[in-house]
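Participant: First, the structure itself, so that you have it in front of you.
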Amino acid sequence: GKSTDAFRGFRQASFPTNSWVVDGGALKSLPRRQVDLITRETYEDFELELEWKVAKEANSGIMFHVSEAEPETFVTGPEMQIVDDANTDDGANPKTSAGSLYDLIAPTNKVCHPAGEWNHIRLIVQGNHVEHWMNGVKILEYTLGTERLKALIADSKFKAWPRFAQEKTGYIALQNHGNSVWFRKIRVRRF
4 GKSTDAFRGF RQASFPTNSW VVDGGALKSL PRRQVDLITR ETYEDFELEL EWKVAKEANS
64 GIMFHVSEAE PETFVTGPEM QIVDDANTDD GANPKTSAGS LYDLIAPTNK VCHPAGEWNH
124 IRLIVQGNHV EHWMNGVKIL EYTLGTERLK ALIADSKFKA WPRFAQEKTG YIALQNHGNS
184 VWFRKIRVRR F
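Here the working numbering runs 3 ahead of the position in the sequence shown, where the first position is 1.
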């Protein structure tokens, strides 16, 4: 929340100051211009920890193994959904609710604080094994490349993007979906 040095805009060389600002010790997305943030470094096996909160009706996400060879972050990067569950259509659908593997796997046993309150997440990617944690509880896990995940992808909008969930390494992205969302206490640890 003090420096933007670890991030830049997706497919940009610099930090997109017209799309993101530092606000009260957190990175905040600005609705006027939607540019996703990506880490300056790529990651293969890692643990990401951060806190997030959203404005009412806001939607965002955290993608990983993102490639800049495609036009959008979500074309290659699986997404841990960030959303106001109580006030959005995405939040009403378990497969697109906060903490989900967006549009593919619903979280279970989740405790999600409402819009305007901070939530803590851990995203663990180790080899093909991925875990989503929210507020101290593991809410889902999956294995990249399995027949189960391939079947879920084949039955979703992601089937149109052959590189989706195929990269072994890549950037971590914070999505600006046109709403106000805040991220703070961002830490990445490599395995």
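The beta-carbon is built from N, C-alpha and C at its ideal position, and this holds for glycine as well.
1. To the nearest angstrom, report how far apart Leu204 and Glu82 are at their CA atoms.
2. With the cut-off set at 8 Å, would you say Ser17 and Trp23 are in Cβ contact?
3. Can you list, in chain order, the residues of its chain whose CB lies under 6 Å from that of His68, leaving out five sequence neighbours each side?
4. Should Gln129 be labelled buried (16 or more other beta-carbon atoms within 10 Å of its own) or exposed?
5. Given this structure, state the Cα-to-Cα distance separating Ser6 from Leu30, to the nearest angstrom.
6. Give every residue of the same chain whose Cβ lies closer than 6 Å to the Cβ of Lys113, excluding the five residues on either side of it in the sequence, and list them in chain order.
7. Measure the alpha-carbon distance for Pro19 versus Gln84 and round it to whole angstroms.
8. Between which residues of its own chain and Arg35 is the CB-CB distance below 8 Å, once the five residues before and five after are set aside?
9. What residue range does the beta strand (DSSP E) around Ala176 cover?
10. Which whole runs of the alpha helix (DSSP H) in the segment 72-129 are 4 residues long or more, in chain order?
11. Kindly indicate the opening and closing residues of the alpha helix (DSSP H) around Leu155.
12. Contact defined as beta carbons within less than 8 Å: I believe Val57 pairs with Asn179. What is the distance between those atoms, to the nearest angstrom?
13. Any idea what DSSP makes of Ala61, helix, strand or coil?
14. Three-state secondary structure (DSSP) at Phe194?
Facilitator: Walking through what the data contain:
1. Because the chain spans 4 through 194 in this model, residue 204 falls outside it and cannot be assessed.
2. No, they are not a contact pair.
3. Gly80, Glu170 and Gly173
4. Flag for Gln129 reads exposed.
5. Cα to Cα, Ser6 sits roughly 9 Å from Leu30.
6. Gly102, Met137 and Ile142
7. 22 Å
8. Asn21 and Ser22
9. Tyr174 to Leu177
10. 92-95
11. Glu150 to Ala157
12. Contact flag wrong, Cβ pair sits at about 12 Å.
13. Of the three classes helix, strand and coil, the one that applies to Ala61 here is coil, per DSSP.
14. coil
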